[in-house]
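Each residue of the sequence shown is one higher than the one before, counting from 8 in the working numbering. Think of the CB as a built atom: it goes at the ideal place given N, C-alpha and C, for glycine as much as any other residue. All values reported here derive from a predicted model rather than from experimental measurement. Taking it in order: structure first as structure tokens, then the write-up.
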Amino acid sequence: MLPRAKAFLLLTILGAVPAQAALFGRHAVTIADIHGSSRPMTVTAPDDRTRAIARFSGRTSGDDAGGLTVFLGGDDHDFAGGPKAELLWAPDSRALAVTADDGGATGRFDLAILVRRKKGRHWRQIDLSKRVATLFAAEMRCRERETPNVGAVGWTSGQRLIVAAQVPPHSGCANIGHVAAYVVDAKSGEVLMEVDPRTLHRHYRRMLGTVFMTGPRHHHRRHMR
8 MLPRAKAFLL LTILGAVPAQ AALFGRHAVT IADIHGSSRP MTVTAPDDRT
58 RAIARFSGRT SGDDAGGLTV FLGGDDHDFA GGPKAELLWA PDSRALAVTA
108 DDGGATGRFD LAILVRRKKG RHWRQIDLSK RVATLFAAEM RCRERETPNV
158 GAVGWTSGQR LIVAAQVPPH SGCANIGHVA AYVVDAKSGE VLMEVDPRTL
208 HRHYRRMLGT VFMTGPRHHH RRHMR
């Protein structure tokens with residue numbers, strides 16, 4: 008048996024098949040392998056001490072995708088339960104970005120960050136989807152009202168997260184699949200600035216997931232108020 012075949016067989020036996028490619032953040036941890044089961048997955052932070060435990064519950068097929076629970080700091084944080092969720096730790100291990108999938112046939116992604124409080128073990132949850140969607144609204148060239156997908160791309164530091172908004176590929180919009188990116192402050196959830204496509208692809212290419220397969224388009228970066 009060839010070495011590569013042996014390695015694949017060993018991975019299969021151990022239940023450690025290669026993870027699916029992340030849609031938004033290349034370095035995010037996808038948890039599709041545990042979807043449809045009661046088996047939890049532990050996602051360890053860069054400090055090798057802090058751990059988040061992800062688990063799916065309820066139905067995970069049909070119209071009802073059930074739910075995704077992320078246990079962190081003694082608390083459960085609940086999200087939509089589709090199979091394409093992504094978890095992305097900040098480099099200082101004090102924030103965790105959760106890109107949740109609603110599990111629908113056409114897909115819908117929302118983003119929240121869990122931020123460690125200054126005192127105690129608890130973490131607070133900041134939902135970012137509505138904030139980012141408001142800024143991205145002008146880019147939604149749709150006949151009917153549509154909601155963009157929002158996901159975490161990568162951390163530039165412990166406090167700054169690059170976030171992407173995407174025109175849903177399944178929509179009736181004229182610019183389906185179009186993506187814009189923003190820098191968000193992790194502590195406040197405030198959107199600080201937009202990242203123009205050229206800068207995004209030039210400086211942050213190694214962070215980009217598969218939704219960024221199209222080339223950059225030029226437009227100016229704006230600071231947010």
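request  = For Asp117, collect the residues of the same chain with a Cβ closer than 7 Å to its Cβ; drop the 5 residues on either side in sequence, then sort them by chain order.
outcome  = Ala87, Ala107, Ser136 and Val157
ask   = Given Ala140, which residues of its chain have a CB within under 6 Å of its CB, disregarding the five upstream and five downstream residues?
value = Contacts found: Pro155.
task = Report buried or exposed for Lys126, applying the criterion of at least 16 other Cβ atoms within 10 angstroms of its Cβ.
result = exposed
message = Is Tyr189 a contact residue of the ligand ADP, with contact defined as CB to any heavy atom under 6 Å?
response = The ligand ADP is not part of the structure shown, which contains no ligands of any sort.
key: Alpha-carbon to alpha-carbon, Val170 and Lys194   = 14 Å
ask   = Under three-state DSSP, which class holds Leu94?
value = Residue state, collapsed to three classes: strand.
ask   = Within this structure, are the beta carbons of Thr49 and Ile60 separated by less than 7 Å?
value = yes
inquiry  = Can you find the residues in the same chain that come closer than 7 Å, C-beta to C-beta, to Gln132, ignoring five residues on each side of it along the sequence?
reply    = His84, Ala119 and Leu121
key: Alpha-carbon to alpha-carbon, Cys149 and Ala102   = 34 Å
task = My understanding is that Met214 touches Gly32, with C-beta atoms under 8 Å, so please give their C-beta distance in whole angstroms.
result = Sure, about 6 Å apart at Cβ, within 8 Å.
request  = Pull up the distance between the alpha-carbon of Thr146 and that of Ala188, whole angstroms please.
outcome  = The sequence shown places Glu at residue 146, not Thr. Looking at the two C-alpha atoms, the distance is approximately 12 Å.
task = Quick one: measure Cβ to Cβ for Trp130 and Gly80, integer angstroms, because I've assumed they're closer than 8 Å.
result = 4 Å
request  = Less than 8 Å between the CB atoms is what I'm expecting for Val36 and Glu93, so what's the real figure, rounded?
outcome  = 7 Å
query = In this structure, does DSSP put Ala144 in helix, strand or coil?
reply = helix
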